[in-house]
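Chemist: Numbers given in this note's numbering equal positions in the sequence shown, counted from 1, plus 23.
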Amino acid sequence: MTEVRAAEEPSPLEVQPGALWYRGAIDRAGQEALLADIDRVLAEAPPFVPRMPRTGAPLSVRMSNCGPLGWISDAAGYRYQAFHPDTRRPWPAMPDRLLALWERFAGYGAPPEACLINLYGPEARMSLHQDRDEADFAAPVLSISLGATAIFRLGGETRRGPTRSVRLASGDIFVLGGASRLAFHGIDRILAGSSTLVADGGRINLTLRRVTAI
Ligand code: SIN
Ligand code: FE2
24 MTEVRAAEEP SPLEVQPGAL WYRGAIDRAG QEALLADIDR VLAEAPPFVP RMPRTGAPLS
84 VRMSNCGPLG WISDAAGYRY QAFHPDTRRP WPAMPDRLLA LWERFAGYGA PPEACLINLY
144 GPEARMSLHQ DRDEADFAAP VLSISLGATA IFRLGGETRR GPTRSVRLAS GDIFVLGGAS
204 RLAFHGIDRI LAGSSTLVAD GGRINLTLRR VTAI
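Next comes the structure, spelled out in structure tokens:
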């Protein structure tokens, strides 16, 4: 296994309390190894089109998951479930490389149960939202960026409060924990073609989450 190497002693930038930005946490070889893991996951659990609750309007990203649970959204609502919405098969196992990154960067005493894979084409975005479908907010959400740089918007716990923008580049890790665990966040847009890692200049974001309480 190609080890995903982080910088010697990665020191994060604390963008706001509980929001930690580890720039360049994963080097190019590590990014390529992760991408190969994700390609294997996607071969087994193909990207699906998530839809808004009630209206059924499609989101602009495509999604998949790995790990015991996966996050999905369709006309019936947001939820975690153990199987792919189209194939009905269990999600593929969480790759060891992701478990190792969680151990290193999440600082939490239990493994993640879900890895949501968000696939961004040139026009994809993600509106401001909170990650709050988990039973316990003690564990952080750990986000890994691969491919094109994204304009990530981060706010506080209210939708209308002030926000700031962070440019998440390939290999960056962002942790939403503590006072930022329920911070509103979203992707305004991606800078398509700003990285050669992902085919067609797109972006892949992986968010690792603990779903149940320990
Ligand atoms: C998300 O909040 O689910 C995705 C964030 C990102 O793409 O960086
Ligand atoms: Fe999110």
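Note that the Cβ used here is the ideal one computed from N, Cα and C, for glycine as well.
Whole angstroms is fine: what's the gap from T172's alpha carbon to N88's?
Modeler: For T172 and N88, the distance between alpha carbons rounds to 21 Å.
Chemist: How is Q39 classed by DSSP in three states: helix, strand or coil?
Modeler: Note: Q39 maps to strand in three-state DSSP.
Chemist: Please decide whether A222 counts as near chain B, where near means a Cβ-Cβ distance under 9 Å.
Modeler: Judged by its chain identifiers, the structure shown contains no chain B, having just a single protein chain.
Chemist: Take the Cβ of T230 as the centre, count every other Cβ of all protein chains shown within 10 Å, and call the residue buried at 16 or more, exposed below.
Modeler: The residue is buried, with at least 16 neighbouring Cβ atoms inside 10 Å.
Chemist: Do three or more CB pairs link the region 211-221 to the region 121-139 at distances below 8 Å?
Modeler: In short, these stretches do not touch, since the Cβ pair count stays below three.
Chemist: Could you check how far apart the C-beta atoms of L58 and R46 are, in whole angstroms? I think they sit under 8 Å.
Modeler: About 19 Å; that fails the 8 Å criterion.
Chemist: Give every residue of the same chain whose Cβ lies closer than 8 Å to the Cβ of L122, excluding the five residues on either side of it in the sequence, and list them in chain order.
Modeler: Hits under 8 Å: P134 and P135.
Chemist: Determine contact between the region 198-206 and the region 144-162, defined as no fewer than three beta-carbon pairs at a distance below 8 Å.
Modeler: With a cut-off of 8 Å, the region 144-162 and the region 198-206 count as touching, because enough Cβ pairs lie within range.
Chemist: For the beta strand (DSSP E) containing R148, name the first residue and the last one.
Modeler: No beta strand (DSSP E) contains R148, which DSSP labels as neither H nor E.
Chemist: Can you find the residues in the same chain that come closer than 8 Å, C-beta to C-beta, to L92, ignoring five residues on each side of it along the sequence?
Modeler: These residues qualify, in order along the chain: Y103, Q104, A105, W114, E136, A137 and V234.
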